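Heads up, the thing below is written out as C-alpha coordinates.
In UniProt numbering, the protein residues as written are 1 to 458.
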(Lines of atoms letter the chains of each structure in order from A and count residues from 1; the text may use other names and numbers.)
(Lines give C-alpha, C1' and ligand atoms only; values in the text may rest on other atoms or scores of the structure.)
Protein backbone atom coordinates (compact mmCIF):
# COMPACT_ATOMS: atom_id res chain seq x y z
CA UNK A 1 0.00 0.00 0.00
CA UNK A 2 1.37 3.43 -0.96
CA UNK A 3 2.26 5.92 1.73
CA UNK A 4 -0.74 8.17 1.01
CA UNK A 5 -3.34 5.44 0.42
CA UNK A 6 -6.42 5.39 2.64
CA UNK A 7 -6.48 2.50 5.16
CA UNK A 8 -9.99 1.48 4.01
CA UNK A 9 -11.54 0.60 0.65
CA UNK A 10 -15.00 1.22 -0.79
CA UNK A 11 -17.52 -1.59 0.00
CA UNK A 12 -15.21 -2.98 2.71
CA UNK A 13 -16.84 -4.00 6.04
CA UNK A 14 -15.01 -2.94 9.19
CA UNK A 15 -15.55 -2.90 12.96
CA UNK A 16 -15.35 0.70 14.15
CA UNK A 17 -15.45 2.46 17.51
CA UNK A 18 -16.94 5.97 17.51
CA UNK A 19 -14.99 8.59 19.42
CA UNK A 20 -16.68 11.87 18.47
CA UNK A 21 -19.51 13.58 16.56
CA UNK A 22 -19.38 15.88 13.53
CA UNK A 23 -21.29 19.19 13.63
CA UNK A 24 -24.01 17.40 11.63
CA UNK A 25 -24.38 14.75 14.34
CA UNK A 26 -22.62 11.91 12.48
CA UNK A 27 -20.43 9.48 14.41
CA UNK A 28 -16.65 9.74 13.93
CA UNK A 29 -14.42 6.68 14.15
CA UNK A 30 -10.70 6.49 13.34
CA UNK A 31 -8.51 3.88 11.66
CA UNK A 32 -4.84 4.73 12.36
CA UNK A 33 -5.86 8.38 12.77
CA UNK A 34 -7.84 8.34 9.50
CA UNK A 35 -11.43 9.57 10.17
CA UNK A 36 -14.54 7.67 9.06
CA UNK A 37 -17.88 9.55 9.29
CA UNK A 38 -20.97 7.41 9.85
CA UNK A 39 -24.57 8.70 10.21
CA UNK A 40 -26.33 7.61 13.44
CA UNK A 41 -23.11 6.54 15.19
CA UNK A 42 -22.65 7.76 18.79
CA UNK A 43 -19.42 8.21 20.80
CA UNK A 44 -18.55 5.11 22.85
CA UNK A 45 -20.33 2.72 20.46
CA UNK A 46 -18.78 -0.15 18.51
CA UNK A 47 -20.40 -1.07 15.21
CA UNK A 48 -20.03 -2.99 11.98
CA UNK A 49 -19.74 -0.39 9.21
CA UNK A 50 -19.74 -0.61 5.43
CA UNK A 51 -17.43 1.92 3.70
CA UNK A 52 -19.46 3.70 1.00
CA UNK A 53 -17.09 6.50 -0.07
CA UNK A 54 -13.34 7.00 0.25
CA UNK A 55 -11.42 10.26 -0.11
CA UNK A 56 -7.77 11.09 0.51
CA UNK A 57 -8.27 12.38 4.07
CA UNK A 58 -11.68 10.99 5.03
CA UNK A 59 -14.13 8.13 4.40
CA UNK A 60 -17.89 7.78 4.80
CA UNK A 61 -19.59 4.69 6.10
CA UNK A 62 -23.02 3.15 6.63
CA UNK A 63 -23.96 1.70 10.00
CA UNK A 64 -24.78 -1.99 9.43
CA UNK A 65 -24.98 -3.42 12.95
CA UNK A 66 -24.41 -2.16 16.49
CA UNK A 67 -22.00 -4.31 18.48
CA UNK A 68 -21.99 -2.16 21.64
CA UNK A 69 -24.69 0.58 21.80
CA UNK A 70 -24.23 3.80 23.77
CA UNK A 71 -26.32 4.62 26.84
CA UNK A 72 -27.12 7.86 24.96
CA UNK A 73 -28.94 5.95 22.20
CA UNK A 74 -32.74 6.18 22.24
CA UNK A 75 -35.49 4.84 19.98
CA UNK A 76 -36.66 7.63 17.62
CA UNK A 77 -40.44 8.14 18.01
CA UNK A 78 -40.79 9.16 14.34
CA UNK A 79 -41.69 6.29 11.99
CA UNK A 80 -39.82 7.84 9.04
CA UNK A 81 -36.80 9.24 10.93
CA UNK A 82 -34.23 7.17 8.99
CA UNK A 83 -35.71 8.29 5.63
CA UNK A 84 -36.62 11.92 6.34
CA UNK A 85 -34.08 14.75 6.19
CA UNK A 86 -35.94 17.04 8.61
CA UNK A 87 -34.43 15.83 11.91
CA UNK A 88 -30.95 14.33 12.19
CA UNK A 89 -30.45 13.35 15.86
CA UNK A 90 -33.68 11.80 17.21
CA UNK A 91 -31.60 8.66 17.96
CA UNK A 92 -29.62 10.67 20.56
CA UNK A 93 -30.78 11.31 24.14
CA UNK A 94 -31.82 14.92 24.67
CA UNK A 95 -29.13 15.44 27.32
CA UNK A 96 -26.51 14.33 24.78
CA UNK A 97 -28.01 16.64 22.10
CA UNK A 98 -27.55 19.64 24.40
CA UNK A 99 -23.93 18.68 25.16
CA UNK A 100 -23.21 18.13 21.46
CA UNK A 101 -24.45 21.64 20.64
CA UNK A 102 -22.35 23.23 23.40
CA UNK A 103 -19.28 21.36 22.11
CA UNK A 104 -20.05 22.42 18.53
CA UNK A 105 -19.74 26.08 19.56
CA UNK A 106 -16.62 25.37 21.67
CA UNK A 107 -14.96 23.58 18.72
CA UNK A 108 -15.45 26.44 16.23
CA UNK A 109 -14.24 29.00 18.78
CA UNK A 110 -11.08 26.92 19.03
CA UNK A 111 -10.57 25.98 15.35
CA UNK A 112 -11.93 29.04 13.50
CA UNK A 113 -11.73 31.97 15.95
CA UNK A 114 -8.60 30.59 17.72
CA UNK A 115 -10.17 31.63 21.04
CA UNK A 116 -10.47 28.45 23.12
CA UNK A 117 -10.77 30.41 26.37
CA UNK A 118 -14.10 32.14 25.63
CA UNK A 119 -16.64 30.54 28.02
CA UNK A 120 -19.41 28.63 26.21
CA UNK A 121 -22.28 28.07 28.64
CA UNK A 122 -24.31 24.82 28.81
CA UNK A 123 -27.04 24.84 26.14
CA UNK A 124 -30.44 26.09 27.28
CA UNK A 125 -32.86 23.30 26.35
CA UNK A 126 -36.58 22.55 26.57
CA UNK A 127 -38.41 20.59 29.25
CA UNK A 128 -40.49 18.93 26.51
CA UNK A 129 -38.45 18.93 23.26
CA UNK A 130 -41.30 17.75 20.98
CA UNK A 131 -44.31 19.29 19.15
CA UNK A 132 -42.61 22.70 19.25
CA UNK A 133 -42.75 23.91 15.63
CA UNK A 134 -45.49 26.49 15.04
CA UNK A 135 -45.18 26.40 11.24
CA UNK A 136 -45.25 23.52 8.78
CA UNK A 137 -44.64 23.74 5.01
CA UNK A 138 -45.48 20.42 3.40
CA UNK A 139 -45.13 19.58 -0.31
CA UNK A 140 -48.06 17.84 -2.00
CA UNK A 141 -47.54 15.10 -4.59
CA UNK A 142 -49.03 11.96 -6.07
CA UNK A 143 -47.91 8.35 -6.39
CA UNK A 144 -49.93 5.61 -8.09
CA UNK A 145 -53.03 7.81 -8.06
CA UNK A 146 -52.71 8.49 -4.29
CA UNK A 147 -52.25 12.00 -2.85
CA UNK A 148 -49.08 12.35 -0.73
CA UNK A 149 -48.16 14.97 1.85
CA UNK A 150 -44.83 14.73 3.64
CA UNK A 151 -41.29 15.99 3.88
CA UNK A 152 -38.66 15.18 1.29
CA UNK A 153 -36.45 12.13 1.64
CA UNK A 154 -32.82 12.95 2.43
CA UNK A 155 -30.93 14.52 -0.49
CA UNK A 156 -33.89 14.13 -2.84
CA UNK A 157 -37.27 15.57 -3.80
CA UNK A 158 -39.10 12.29 -3.23
CA UNK A 159 -42.00 12.92 -0.85
CA UNK A 160 -42.22 10.55 2.13
CA UNK A 161 -45.89 9.82 2.79
CA UNK A 162 -46.38 10.45 6.50
CA UNK A 163 -49.30 10.85 8.91
CA UNK A 164 -47.58 12.72 11.69
CA UNK A 165 -44.38 14.59 12.59
CA UNK A 166 -43.41 14.55 16.29
CA UNK A 167 -41.68 17.95 16.22
CA UNK A 168 -44.70 19.71 14.67
CA UNK A 169 -47.42 21.47 16.63
CA UNK A 170 -50.31 18.97 16.87
CA UNK A 171 -52.88 21.36 15.34
CA UNK A 172 -50.70 21.86 12.24
CA UNK A 173 -50.09 18.11 12.06
CA UNK A 174 -53.85 17.44 12.12
CA UNK A 175 -54.57 20.01 9.39
CA UNK A 176 -51.96 18.61 6.98
CA UNK A 177 -53.14 15.04 7.60
CA UNK A 178 -56.78 15.92 6.87
CA UNK A 179 -55.93 18.04 3.83
CA UNK A 180 -54.91 14.94 1.85
CA UNK A 181 -58.44 13.56 1.93
CA UNK A 182 -59.95 16.97 1.11
CA UNK A 183 -57.69 17.47 -1.95
CA UNK A 184 -58.51 13.94 -3.12
CA UNK A 185 -62.28 14.33 -2.59
CA UNK A 186 -62.41 17.61 -4.50
CA UNK A 187 -60.24 16.34 -7.36
CA UNK A 188 -57.57 19.07 -7.00
CA UNK A 189 -54.51 17.99 -8.95
CA UNK A 190 -51.21 17.99 -7.02
CA UNK A 191 -48.21 19.73 -8.55
CA UNK A 192 -45.63 17.68 -10.46
CA UNK A 193 -42.09 19.10 -10.32
CA UNK A 194 -40.81 17.26 -13.40
CA UNK A 195 -43.55 18.34 -15.81
CA UNK A 196 -44.35 21.66 -14.04
CA UNK A 197 -48.04 20.77 -14.19
CA UNK A 198 -50.79 20.44 -11.60
CA UNK A 199 -52.32 22.87 -9.12
CA UNK A 200 -51.47 22.54 -5.43
CA UNK A 201 -47.77 22.69 -4.50
CA UNK A 202 -47.58 23.16 -0.73
CA UNK A 203 -49.80 23.34 2.33
CA UNK A 204 -48.55 25.82 4.95
CA UNK A 205 -50.09 25.93 8.42
CA UNK A 206 -49.07 28.47 11.09
CA UNK A 207 -50.20 28.47 14.72
CA UNK A 208 -49.95 31.06 17.49
CA UNK A 209 -48.23 29.38 20.45
CA UNK A 210 -49.97 31.53 23.08
CA UNK A 211 -53.19 32.37 21.19
CA UNK A 212 -53.88 29.07 19.41
CA UNK A 213 -54.88 31.00 16.27
CA UNK A 214 -54.26 29.13 13.00
CA UNK A 215 -53.61 30.31 9.44
CA UNK A 216 -53.77 27.92 6.48
CA UNK A 217 -51.93 28.91 3.29
CA UNK A 218 -52.49 27.04 0.01
CA UNK A 219 -49.59 27.46 -2.42
CA UNK A 220 -50.60 26.76 -6.02
CA UNK A 221 -49.01 26.96 -9.46
CA UNK A 222 -52.25 28.31 -10.93
CA UNK A 223 -54.17 31.52 -10.22
CA UNK A 224 -57.40 29.54 -9.83
CA UNK A 225 -58.21 26.60 -7.56
CA UNK A 226 -60.88 24.11 -8.69
CA UNK A 227 -63.80 23.83 -6.21
CA UNK A 228 -62.35 26.80 -4.28
CA UNK A 229 -65.50 27.59 -2.26
CA UNK A 230 -65.99 23.96 -1.26
CA UNK A 231 -62.29 23.73 -0.36
CA UNK A 232 -62.54 26.78 1.94
CA UNK A 233 -65.65 25.34 3.57
CA UNK A 234 -63.94 21.99 4.24
CA UNK A 235 -60.80 23.65 5.68
CA UNK A 236 -62.88 25.82 8.02
CA UNK A 237 -64.45 22.64 9.45
CA UNK A 238 -61.04 21.24 10.45
CA UNK A 239 -60.48 23.47 13.50
CA UNK A 240 -62.49 26.26 15.14
CA UNK A 241 -59.19 28.16 15.75
CA UNK A 242 -58.60 28.71 12.01
CA UNK A 243 -58.73 32.50 11.62
CA UNK A 244 -57.57 32.90 8.01
CA UNK A 245 -57.26 30.93 4.76
CA UNK A 246 -54.79 32.40 2.27
CA UNK A 247 -54.12 31.57 -1.39
CA UNK A 248 -50.50 32.08 -2.51
CA UNK A 249 -49.61 31.76 -6.20
CA UNK A 250 -46.15 30.50 -7.21
CA UNK A 251 -46.12 29.93 -11.00
CA UNK A 252 -42.32 29.51 -11.26
CA UNK A 253 -40.33 26.32 -11.70
CA UNK A 254 -38.33 26.79 -8.53
CA UNK A 255 -37.44 25.30 -5.12
CA UNK A 256 -38.69 28.49 -3.42
CA UNK A 257 -41.92 27.56 -1.63
CA UNK A 258 -43.99 30.74 -1.79
CA UNK A 259 -44.61 33.20 -4.62
CA UNK A 260 -44.99 36.96 -4.25
CA UNK A 261 -48.77 37.20 -4.66
CA UNK A 262 -51.16 36.22 -1.87
CA UNK A 263 -54.86 36.87 -1.40
CA UNK A 264 -57.15 36.08 1.49
CA UNK A 265 -59.84 33.54 0.61
CA UNK A 266 -61.58 33.73 3.97
CA UNK A 267 -61.53 35.92 7.10
CA UNK A 268 -58.25 37.52 8.30
CA UNK A 269 -54.89 37.92 6.55
CA UNK A 270 -52.92 37.75 9.85
CA UNK A 271 -52.92 35.74 13.06
CA UNK A 272 -51.53 36.94 16.40
CA UNK A 273 -49.03 35.53 18.87
CA UNK A 274 -47.04 36.77 21.85
CA UNK A 275 -43.39 36.76 22.86
CA UNK A 276 -43.22 37.77 26.52
CA UNK A 277 -45.65 40.68 26.94
CA UNK A 278 -45.46 41.71 23.27
CA UNK A 279 -48.08 40.83 20.65
CA UNK A 280 -47.11 40.25 17.01
CA UNK A 281 -49.17 40.04 13.83
CA UNK A 282 -48.02 37.19 11.58
CA UNK A 283 -48.91 37.20 7.88
CA UNK A 284 -48.41 34.42 5.33
CA UNK A 285 -45.01 35.95 4.41
CA UNK A 286 -43.80 37.03 7.89
CA UNK A 287 -40.56 35.67 9.27
CA UNK A 288 -41.42 34.53 12.79
CA UNK A 289 -39.37 32.14 14.92
CA UNK A 290 -40.75 28.58 14.72
CA UNK A 291 -40.12 27.74 18.39
CA UNK A 292 -41.80 30.52 20.44
CA UNK A 293 -41.02 28.97 23.85
CA UNK A 294 -37.27 29.02 23.14
CA UNK A 295 -37.45 32.37 21.31
CA UNK A 296 -38.42 33.99 24.60
CA UNK A 297 -35.33 32.47 26.25
CA UNK A 298 -33.14 33.58 23.32
CA UNK A 299 -34.39 37.18 23.50
CA UNK A 300 -34.05 37.26 27.29
CA UNK A 301 -30.42 36.23 26.85
CA UNK A 302 -29.85 38.99 24.27
CA UNK A 303 -31.43 41.47 26.69
CA UNK A 304 -29.22 40.23 29.53
CA UNK A 305 -26.03 40.64 27.45
CA UNK A 306 -27.11 44.14 26.30
CA UNK A 307 -27.02 45.35 29.97
CA UNK A 308 -29.67 48.02 29.33
CA UNK A 309 -30.47 50.58 32.05
CA UNK A 310 -33.00 52.69 30.13
CA UNK A 311 -30.51 55.33 28.91
CA UNK A 312 -29.03 53.49 25.91
CA UNK A 313 -29.34 53.99 22.16
CA UNK A 314 -29.50 50.59 20.44
CA UNK A 315 -29.21 49.53 16.78
CA UNK A 316 -30.83 46.26 15.74
CA UNK A 317 -29.32 45.12 12.42
CA UNK A 318 -31.39 42.56 10.48
CA UNK A 319 -34.42 43.55 12.57
CA UNK A 320 -37.04 41.55 10.60
CA UNK A 321 -40.58 42.22 11.88
CA UNK A 322 -39.08 43.99 14.91
CA UNK A 323 -39.35 41.20 17.45
CA UNK A 324 -35.91 41.70 19.10
CA UNK A 325 -36.09 45.51 18.62
CA UNK A 326 -39.35 45.78 20.53
CA UNK A 327 -38.09 43.43 23.24
CA UNK A 328 -35.08 45.77 23.70
CA UNK A 329 -37.12 48.99 23.37
CA UNK A 330 -38.94 48.20 26.64
CA UNK A 331 -35.59 48.67 28.43
CA UNK A 332 -33.71 51.21 26.24
CA UNK A 333 -33.95 54.94 25.53
CA UNK A 334 -34.14 54.48 21.73
CA UNK A 335 -33.92 51.58 19.26
CA UNK A 336 -33.17 51.88 15.54
CA UNK A 337 -34.02 48.80 13.46
CA UNK A 338 -32.79 48.23 9.91
CA UNK A 339 -33.93 45.49 7.53
CA UNK A 340 -33.59 44.97 3.76
CA UNK A 341 -37.14 43.52 3.27
CA UNK A 342 -39.70 46.38 2.96
CA UNK A 343 -42.68 44.22 4.00
CA UNK A 344 -40.86 43.20 7.21
CA UNK A 345 -40.21 46.87 8.05
CA UNK A 346 -43.92 47.66 7.53
CA UNK A 347 -44.73 44.76 9.88
CA UNK A 348 -42.19 46.06 12.44
CA UNK A 349 -43.81 49.53 12.40
CA UNK A 350 -47.29 47.99 12.80
CA UNK A 351 -46.04 45.79 15.67
CA UNK A 352 -44.56 48.85 17.44
CA UNK A 353 -47.94 50.63 17.21
CA UNK A 354 -49.80 47.51 18.33
CA UNK A 355 -47.66 47.35 21.48
CA UNK A 356 -47.72 51.14 22.11
CA UNK A 357 -43.94 51.39 21.75
CA UNK A 358 -42.89 54.81 20.49
CA UNK A 359 -39.12 54.69 21.09
CA UNK A 360 -38.36 52.29 18.18
CA UNK A 361 -37.88 53.42 14.58
CA UNK A 362 -37.51 51.11 11.57
CA UNK A 363 -35.74 51.70 8.27
CA UNK A 364 -35.52 49.83 4.96
CA UNK A 365 -32.01 49.22 3.67
CA UNK A 366 -28.82 47.17 3.92
CA UNK A 367 -27.40 47.57 7.41
CA UNK A 368 -23.83 47.86 6.09
CA UNK A 369 -24.87 50.94 4.06
CA UNK A 370 -27.38 52.52 6.45
CA UNK A 371 -25.12 52.37 9.53
CA UNK A 372 -22.22 54.44 8.08
CA UNK A 373 -24.80 57.04 7.02
CA UNK A 374 -26.25 57.07 10.56
CA UNK A 375 -22.72 57.56 11.89
CA UNK A 376 -22.19 60.53 9.53
CA UNK A 377 -25.41 62.02 10.93
CA UNK A 378 -24.00 61.81 14.46
CA UNK A 379 -25.74 58.63 15.69
CA UNK A 380 -23.66 56.96 18.41
CA UNK A 381 -25.14 53.64 19.60
CA UNK A 382 -24.28 52.23 23.02
CA UNK A 383 -25.27 48.71 21.93
CA UNK A 384 -25.57 47.00 18.54
CA UNK A 385 -27.59 43.79 18.30
CA UNK A 386 -27.10 41.71 15.18
CA UNK A 387 -29.04 38.58 14.12
CA UNK A 388 -27.76 37.71 10.63
CA UNK A 389 -28.74 34.82 8.31
CA UNK A 390 -26.67 31.60 8.22
CA UNK A 391 -23.96 33.19 6.03
CA UNK A 392 -23.15 35.53 8.93
CA UNK A 393 -22.41 39.26 8.75
CA UNK A 394 -21.27 41.04 5.62
CA UNK A 395 -17.68 42.24 6.04
CA UNK A 396 -18.82 45.83 5.42
CA UNK A 397 -21.33 45.49 8.25
CA UNK A 398 -18.64 44.24 10.65
CA UNK A 399 -16.50 47.24 9.66
CA UNK A 400 -19.46 49.61 10.20
CA UNK A 401 -20.06 48.13 13.66
CA UNK A 402 -16.37 48.50 14.59
CA UNK A 403 -16.32 52.09 13.28
CA UNK A 404 -19.35 53.03 15.41
CA UNK A 405 -17.56 51.82 18.55
CA UNK A 406 -20.58 50.79 20.66
CA UNK A 407 -19.77 49.71 24.22
CA UNK A 408 -21.37 46.32 23.51
CA UNK A 409 -22.26 44.08 20.58
CA UNK A 410 -24.79 41.30 21.11
CA UNK A 411 -24.44 38.73 18.32
CA UNK A 412 -27.38 36.32 17.85
CA UNK A 413 -26.25 33.50 15.55
CA UNK A 414 -27.84 30.49 13.84
CA UNK A 415 -24.50 29.18 12.51
CA UNK A 416 -21.54 28.60 14.87
CA UNK A 417 -18.96 28.57 12.03
CA UNK A 418 -19.83 32.03 10.67
CA UNK A 419 -20.21 33.30 14.25
CA UNK A 420 -16.61 32.24 15.03
CA UNK A 421 -15.33 33.81 11.79
CA UNK A 422 -17.10 37.12 12.59
CA UNK A 423 -16.01 37.15 16.27
CA UNK A 424 -12.41 36.87 15.07
CA UNK A 425 -12.89 39.98 12.89
CA UNK A 426 -14.62 41.89 15.71
CA UNK A 427 -11.77 40.94 18.07
CA UNK A 428 -9.35 42.49 15.56
CA UNK A 429 -11.48 45.65 15.78
CA UNK A 430 -11.11 45.91 19.56
CA UNK A 431 -13.94 43.72 20.90
CA UNK A 432 -13.58 40.98 23.49
CA UNK A 433 -15.98 38.02 23.40
CA UNK A 434 -17.00 37.65 27.06
CA UNK A 435 -19.27 34.61 26.84
CA UNK A 436 -21.49 32.58 24.52
CA UNK A 437 -24.86 31.10 25.44
CA UNK A 438 -26.19 28.37 23.10
CA UNK A 439 -29.99 28.02 22.99
CA UNK A 440 -31.65 24.92 21.58
CA UNK A 441 -34.24 26.35 19.18
CA UNK A 442 -34.49 23.15 17.10
CA UNK A 443 -34.47 20.01 19.31
CA UNK A 444 -33.91 16.72 17.44
CA UNK A 445 -31.99 18.55 14.69
CA UNK A 446 -28.32 19.53 14.41
CA UNK A 447 -29.09 23.29 14.22
CA UNK A 448 -27.95 25.52 17.05
CA UNK A 449 -28.59 29.18 17.93
CA UNK A 450 -26.43 31.16 20.32
CA UNK A 451 -26.05 34.62 21.84
CA UNK A 452 -22.57 36.18 22.28
CA UNK A 453 -21.67 39.11 24.50
CA UNK A 454 -18.88 41.28 23.05
CA UNK A 455 -17.46 44.27 24.93
CA UNK A 456 -15.25 47.11 23.62
CA UNK A 457 -11.81 46.91 25.24
CA UNK A 458 -10.83 50.10 27.02
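For each residue, glycine too, the CB sits at the ideal point set by N, CA and C.
Source: prediction; values computed, not measured.
Identify whether residue i lies in helix, strand or coil by the three-state DSSP scheme.
i: residue 167; result: coil
i: residue 521; result: In the structure as shown, the chain starts at 1 and stops at 458, and residue 521 therefore has no counterpart that could be examined.
i: residue 452; result: strand
i: residue 427; result: helix
i: residue 445; result: coil
i: residue 357; result: coil
i: residue 190; result: strand
i: residue 59; result: strand
i: residue 327; result: helix
i: residue 206; result: strand
i: residue 317; result: strand
i: residue 155; result: coil
i: residue 73; result: strand
i: residue 462; result: Within the shown structure, residues of the chain are numbered from 1 to 458, placing residue 462 beyond reach of any answer.
i: residue 197; result: strand
i: residue 178; result: helix
i: residue 67; result: strand
i: residue 458; result: coil
i: residue 183; result: helix
i: residue 216; result: strand
i: residue 343; result: helix
Which two residues bound the contiguous beta strand (DSSP E) that contains residue i?
i: residue 15; result: 13–21
i: residue 370; result: Not the beta strand (DSSP E): residue 370 falls in the alpha helix (DSSP H), residues 367–376.
i: residue 37; result: 34–38
i: residue 383; result: 383–386
Count the other C-beta atoms from every protein chain shown that fall within 10 angstroms of the C-beta of residue i, then say buried if there are 16 or more, exposed otherwise.
i: residue 251; result: exposed
i: residue 196; result: exposed
i: residue 216; result: buried
i: residue 486; result: Not covered by the structure: residue 486. The range shown for the chain is 1 to 458.
i: residue 431; result: buried
i: residue 74; result: exposed
i: residue 528; result: Because the chain is modelled from 1 through 458, residue 528 falls outside the range shown and cannot be assessed.
i: residue 56; result: exposed
i: residue 116; result: exposed
i: residue 82; result: exposed
i: residue 202; result: buried
i: residue 449; result: buried
i: residue 244; result: buried
Does the ligand COA have a heavy atom nearer than 7 Å to the CB of residue i?
i: residue 420; result: The ligand content of the structure shown is nil, which means the ligand COA is not present either.
List the endpoints of the continuous alpha helix (DSSP H) containing residue i.
i: residue 305; result: 292–306
i: residue 30; result: From DSSP, residue 30 is part of no alpha helix (DSSP H) but of the beta strand (DSSP E) over 27–31.
i: residue 400; result: 395–404
Since residue i and residue j should fall inside the 8 Å C-beta cutoff, what is the C-beta to C-beta distance between them, to a whole number of angstroms?
i: residue 121; j: residue 436; result: 7 Å
i: residue 338; j: residue 382; result: The pair is not a contact, with the Cβ atoms about 16 Å apart (cut-off 8 Å).
i: residue 301; j: residue 451; result: 4 Å
i: residue 191; j: residue 199; result: 7 Å
i: residue 282; j: residue 262; result: Not really, about 13 Å apart at Cβ, beyond 8 Å.
i: residue 322; j: residue 351; result: 5 Å
i: residue 176; j: residue 138; result: 5 Å
For a minimum of 3 consecutive residues, which ranges assigned as the beta strand (DSSP E) are wholly contained in the segment 92–151?
Segments of the beta strand (DSSP E) lying fully in the segment 92–151: 135–143, 146–149.
Runs of 3 residues minimum, wholly inside the segment 237–286: which ones carry the beta strand (DSSP E) assignment?
Entirely contained in the segment 237–286, the beta strand (DSSP E) runs reaching 3 residues are, in chain order, 242–249, 261–267, 270–275, 278–283.
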